[in-house]
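Student:
Listed below in structure tokens is the structure:
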């Protein structure tokens, strides 16, 4: 039994009762007199009580309680929070108490540690998986980039591909063969060597294991290794985008041998390693054997906080400052992507392109939200800069009144706000809307699609617009499941031409053509381009934002007040 529990038992025994003496206390506590003396001494050392042992026959010991068990439990809880032991803190509480604790967590985000360069940051949902094969969410993909390394990376400042684990690469046979050379001295977080065999196993896994992005690797025929740490990829067709594919989060290099809990506690070779991962907290620690410049912080501690409806929600918040201190810097960045609707053609309302486009006009952005809304801008194409079709609000609905529509959206707050506006607009047309939200893990599973007519989706691409478009249109996205076989085949044929095209501007024109087809046939209905909100505490430096609002954790450092 822990000392705190023993103190609580002792306090309960003696509450409003006279001092029974050491022998009686020992019997009541179920221990020897010697152990009872030790317990009382330890509790006194902690400052919980005052105990004076009896001197002489007929005299009783004197015991005075200084702290109540409730105060003791609160002190213990505060200590756990200050040390960042969230799992232990939550484990000791009931459901209602846990919610109260969640409301208090921000108070502990800014506590400094004199012995550790640590940054605590809030997250607004739990992490689903840290396995690169399952890097489906933007948040997961960003964290995977901090934990793992890849052969290449896309530098958003120079807008070019840069070497990482591979120091050089070249192509042959019309981009059907690609050779890469690994750097020497690479290692994983567990100290094992990162070799060409790990690279080979990584990409065979991506090719052979089912995933949303499996199509990107299916044309990989074989992988060979050679002298000088060379790894060669042989492809079934020309692919000028292959080096860019190797820069994505899912192409992160993983060890050949992985534990069963790899998705929760992955072993990578990036600048940070996972040392704690539970429903409340993800802690990343600097990997000191990282192949290049190491992280400037010792630790990044991410706490899962559910925002209230009234609170301002940031996609990423670097550090925390109490309201009384210097204000945090708030930034707004336009996302490269789109929030859009997809229609199930099995629903008789959406069987034809004309029906889907009629829905697009009824749900035109001008009818759904204020054009000066800071969170979003009207979308007339699938990415900013594309203007494929301007939906104009219809004056009269074309739907039959009283019909039921099954509508699904995610639980993300900004998506819920937009979904409410869509629901109200559909109800204004006289339709009965059955709307439900599902969490991120359920969205990925897709079991709900069989009982859904309308889905509000969101796609945000990474910094590389070229490969970002190819990845979006090629992958097994939700809209692909509801498109006709003919429409899917037409897009796949266009993507094959793009993949074999060396000229980047021509590839970009090809993506725009695909986007136009998807919009004009009503397979995707653009609604808005979202803005990404970032908050930076005044004591946090090194925040170099990308177009997605993400930063390399490796560059962050803490600034002292001057």
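Residue numbers (the working numbering): 2 to 563. A virtual CB, placed ideally from N, CA and C, is assigned to each residue, including glycine.
#1: Tell me whether residue 474 sits in a helix, a strand or coil according to DSSP, three-state version.
#2: Output yes or no for whether 8 Å exceeds the beta carbon distance between residue 320 and residue 147.
#3: Using a Cβ-Cβ cut-off of 6 Å (strictly less than) and excluding sequence neighbours within five positions of residue 501, which residues of its own chain qualify?
#4: Look at residue 552 and residue 306 and say whether their C-beta atoms are less than 8 Å apart.
#5: Using the Cα positions of residue 311 and residue 125, report the straight-line distance between them to the nearest angstrom.
#6: Report back the beta-carbon spacing between residue 203 and residue 255 to the nearest angstrom; my notes put them in contact at under 8 Å.
#7: Suppose the cutoff is 8 Å on Cβ atoms and the five residues either side in sequence are ignored; what does the same chain contact list for residue 545 look like?
#8: With three or more beta-carbon pairs closer than 8 Å as the criterion, would you say the stretch 234-249 touches the stretch 497-516?
#9: The beta strand (DSSP E) spanning residue 181 covers which residue range?
#10: Report the residue ranges of all alpha helix (DSSP H) runs contained in full by the stretch 345-413; include only those spanning at least 4 residues, in chain order.
#11: If distances are taken between C-alpha atoms only, which option among 136, 541, 341 comes closest to residue 265?
#12: Since residue 538 contacts residue 329 with CB under 8 Å, what's their CB separation in whole angstroms?
#13: Evaluate residue 349 with the Cβ neighbour count: other Cβ atoms within 10 Å of its Cβ, from every protein chain shown; 16 or more gives buried, anything less gives exposed.
#14: Whole-angstrom Cβ separation of residue 252 and residue 405, contact assumed at under 8 Å?
#15: If you drop the 5 nearest sequence neighbours on each side, which residues of the same chain put their C-beta closer than 6 Å to that of residue 541?
#16: Would you kindly check if the distance between the Cβ of residue 410 and the Cβ of residue 364 is under 8 Å?
#17: Could you give the distance in angstroms between the alpha-carbon of residue 170 and the alpha-carbon of residue 461?
#18: Quick one: what's residue 125 bridged to in DSSP?
#19: What did DSSP end up calling residue 6 once you bin it into helix, strand or coil?
#20: DSSP state of residue 480, grouped into three classes?
#21: Within its chain, find whatever has a CB closer than 7 Å to the CB of residue 273; leave out the 5 residues flanking it on each side and keep chain order.
#22: So, using beta-carbon positions, are residue 183 and residue 145 closer together than 8 Å?
#23: For residue 399, count neighbouring C-beta atoms within 10 Å of its own C-beta (all shown protein chains included) and say buried if the count is 16 or more, exposed if not.
#24: Please give the ranges of any beta strand (DSSP E) in the stretch 267-314, keeping only runs that are unbroken, at least 3 residues long and fully inside the region.
#25: In this structure, does DSSP put residue 465 in helix, strand or coil?
#26: Taking Cβ to Cβ, would you say residue 530 is nearer than 8 Å to residue 385?
#27: Taking the C-alpha atoms as reference points, what is the distance between residue 438 and residue 446?
#28: Which two residues bound the contiguous beta strand (DSSP E) that contains residue 235?
#29: How many angstroms separate the CA atom of residue 7 from the CA atom of residue 213?
#30: Among the residues of its own chain, which have a CB less than 6 Å from the CB of residue 81, if the five just before and after it don't count?
#31: Classify residue 243 as helix, strand or coil using the three-state DSSP reduction.
#32: Rounded C-beta distance between residue 64 and residue 50? I'm assuming under 8 Å.
#33: Tell me whether the stretch 514-530 and the stretch 374-394 touch, counting them as touching only if at least three CB pairs, one residue from each stretch, are closer than 8 Å.
Tutor: Straight from the coordinates:
#1: helix
#2: no
#3: 239
#4: no
#5: Confidence is the limiting factor: at residue 311 the pLDDT is only 46, short of 50, which leaves the residue's position unreliable, though a coordinate-based value still follows. One C-alpha to the other measures close to 14 Å.
#6: 5 Å
#7: 552, 553, 556
#8: yes
#9: 178-183
#10: 354-363, 366-369
#11: 136
#12: 5 Å
#13: exposed
#14: That pair is no contact at about 43 Å.
#15: 319, 320
#16: no
#17: 29 Å
#18: Per DSSP, none; premise fails for residue 125.
#19: helix
#20: helix
#21: 147, 148, 285, 286, 287, 288, 296, 301, 554
#22: no
#23: exposed
#24: 273-279, 282-287, 300-305
#25: coil
#26: yes
#27: 14 Å
#28: 231-236
#29: 54 Å
#30: 89, 90
#31: helix
#32: 6 Å
#33: yes
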